Ligand code: MOS
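In our numbering, the protein residues as written are 71 to 795.
Structure representation (structure tokens):
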């Protein structure tokens, strides 16, 4: 049976009534021991009998065509084959559901996958890939520098009122241009696949975030029926957007395994990940703010410029939060996309907010200073009553609470004017930024089974990319069924299981969780029937059902397993209300007055994301966001060769993500909130919220410390020390 809900109206707060106490509890991740003991098997760790090893070959030119000379390597030790069939140009974009572009012999960027070499061992395959002769025809019209791209305005421009007029009438205004660097997702586990065919059916073990879309993308790439594709991804070592779409390792392994008649493994090495997998676009952003004499916004403008490969189309929604975060009648928000010969641009954690809010929240800091009011007061003053562009009400919006509670906990009242706090050769300063991330609900299914012995099983093709899916889905089932969390087994990452929403866009917990909630709700109805009470009277706790003056252990109510599918669909509440999570980021930094080096001493995030399902995994997500904020503010930048577009710093030695010593004290507090319009659990996404705005709090703190405004990210010492006096 299926318990279905289309989220058309507000649902009762059932999770505030149940009494098991499993929800919100900071439960440990149940798969943790498997991971730390090396027994959680990742895609590259499956050793199938008779398996051959593949190694990707990269294009050595930026633009042109190529042919492979197979005779150059035939006869080398271990040689089994070189395959170019169905080779994708780059990984699929998130939720594409169709194959990534198969360019044939055409090369659009340096590092593009052009072939896979297969041999008996990895070392042999790598050696053959190096020796393989590739003949190129070169097209010299390479555009590798951002400034050389021809930009086209994208659909969706908002032009409301008259921003130019508002700017010239403003008592105070800011008109500032910012730049942000290209970013890599830098998941610890590189992309990898093991493919095996049985007749017409292929099974691929991959490292993927969204199996429901990925199976369609792989089927489309191979030209086979989706029924003949099975994907397995029970454990994934981080995604951050880089594993949203099917990647070249899965397609190449499947093609080679078919042609060879043997299982094939393809593991990308770190350089491959940096080139063949989507990166975040570099951006240029112009932010305009117009305010009256007390700091109330009268106008807001946000234009961005970014790039992608030809025909790739995806533009990062850089200004997504600008549309709704602050009021101001006169608005102009536009995006411009240019074409460059560089690795494909795609989703990297908090696509949009991660870089867009750096610009917006720094501009707000500049405006606060111009008006002469506290930056927190400026933000609170400009919180709109309803969506400033489409007039929709907000579902729940605790931005003011987050700013005020965060300020108290952080000790914001100790903040001084710029350059007024010094310890030896270090300037000390504090900064703040708002956080916001659009909340999304996706169609989801999950199967819930309750057994008479008081154990339960949850099954969905949903993934856990390190976020805590195993933990929270188990907690939701335990809470709804009134059994301890240790009694619930959660099975994920297999396309034979009901279709979940995938991990991405911070919608996983709310969407997959609601499907589990509904499946368990269906079981509650059956149990109420058996007990002879209304479902509203039913209490389930520690394996005992109570209701209508009856009290019975589950085992006595059941004659076999009870199985229910939960099926959640988004509905009217997603259309009628604007939904987003909100928060406030605070940072205290020290800036060295001689070298311009920045150290983040401490950060605090106050997050309002509806009901929190697990305080530990949610906190970990926010920590990750704060740390990523340090990376975007201070270190992370993909450097492209100006002549060829080549990713020069294509490994984790040269692409600087924060290490432990870069990270000061991190504190997270959750603002008590329920979002009635989000889903039946009243939750909102939190993963990417933790990053949105985090870097801006750091650069605003840099200004407060030493008086240097950062408009070009990252804020490396060379961008600070020339301006120190
Ligand atoms: Mo996230 S970039 O949607 O995995």
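Glycine included, every Cβ here is placed at the ideal spot set by N, Cα and C.
Values in this document were obtained by computation on a predicted structure and should not be read as measured data.
Residue 247 has 356 as its beta-bridge partners, per DSSP. Non-local C-beta neighbours of residue 703 in its own chain, meaning closer than 7 Å and more than five positions away in sequence, comprise 765, 768, 769, 783, 784, 785, ordered along the chain. The three-state reading of DSSP puts residue 756 in coil, since its state is none of H, G, I, E or B.
When distances are taken from the beta-carbon of residue 419 to the heavy atoms of the ligand MOS, the shortest one is below 6 Å. Between the C-alpha atoms of residue 413 and residue 181 there is a straight-line separation of about 8 Å. In the DSSP assignment, residue 431 falls outside any beta strand (DSSP E) and within the unbroken alpha helix (DSSP H) covering 423-441. Excluding five sequence positions before and after residue 310, the CB atoms of its chain that fall closer than 7 Å to its own CB belong to 255, 257, 418, 419, given in chain order.
The shortest CA-to-CA distance from residue 213 to any of 521, 675, 184, 408 is the one to 408. If you draw a 10 Å sphere on the C-beta of residue 90, you find 16 or more other C-beta atoms in it, and that means buried. With respect to residue 550, residue 516 sits apart: the two C-beta atoms are not nearer than 7 Å. For residue 509, the number of other beta carbons within 10 angstroms of its own is at least 16, and it is reported as buried. DSSP places residue 718 in the coil class of the three-state scheme, outside both helix and strand.
Taken from the Cβ of residue 574, at least one heavy atom of the ligand MOS lies inside 6 Å.
Contact check between the region 263-273 and the region 228-247: fewer than three CB pairs, one atom from each, fall below 8 Å, which does not count as touching. Per DSSP, the beta bridge partners of residue 669 are 660. If the five residues before and after residue 692 are omitted, its C-beta is found closer than 7 Å to the C-beta atoms of 675, 677, 738, 756, 760, all from its own chain and listed in chain order.
Annotated three-state conformation of residue 590 is helix, per DSSP.
DSSP, read as helix, strand or coil, puts residue 529 in strand. Counting along the chain, the unbroken alpha helix (DSSP H) around residue 445 starts and ends at 445-451. By the C-beta criterion, the region 372-383 is judged not to be in contact with the region 127-147, since fewer than 3 inter-stretch pairs fall below 8 Å. Residue 460 is classed as exposed because its beta carbon has fewer than 16 other beta carbons within 10 Å across all chains shown. Residue 735 and residue 172 have their C-alpha atoms roughly 47 Å apart. Using a 10 angstroms sphere on the CB of residue 730, the tally of other CB atoms stays under 16, which defines it as exposed. Listed as beta-bridge partners of residue 560 by DSSP are 528.
Under the 8 Å Cβ criterion, the region 739-747 counts as touching the region 457-477, having at least three qualifying pairs.
Judged by beta-carbon spacing, residue 422 lies within the 7 Å limit of residue 390, meaning their Cβ atoms are closer than that value.
For residue 500, same chain residues with a beta-carbon under 6 Å away, outside a window of 5 residues either side, are 485, 658, 771, 774 in chain order. The beta carbon of residue 167 sits no closer than 6 Å to any heavy atom of the ligand MOS. The continuous beta strand (DSSP E) containing residue 408 extends over residues 400-409.
Checking the DSSP bridge columns, you'll see residue 302 partnered with 275, 564. Residue 191 counts as exposed, since fewer than 16 other beta carbons sit within 10 angstroms of its beta carbon.
Around residue 701, the same chain offers 727, 728 as residues with beta carbons nearer than 7 Å, after the five sequence neighbours per side are excluded. Within the chosen limit of 6 Å, the ligand MOS reaches the beta carbon of residue 311 through at least one heavy atom. About 16 Å separates the beta carbons of residue 504 and residue 361, which is beyond the 8 Å limit, so they are not a contact pair. Straight through space, the alpha carbons of residue 518 and residue 199 are spaced by roughly 47 Å.
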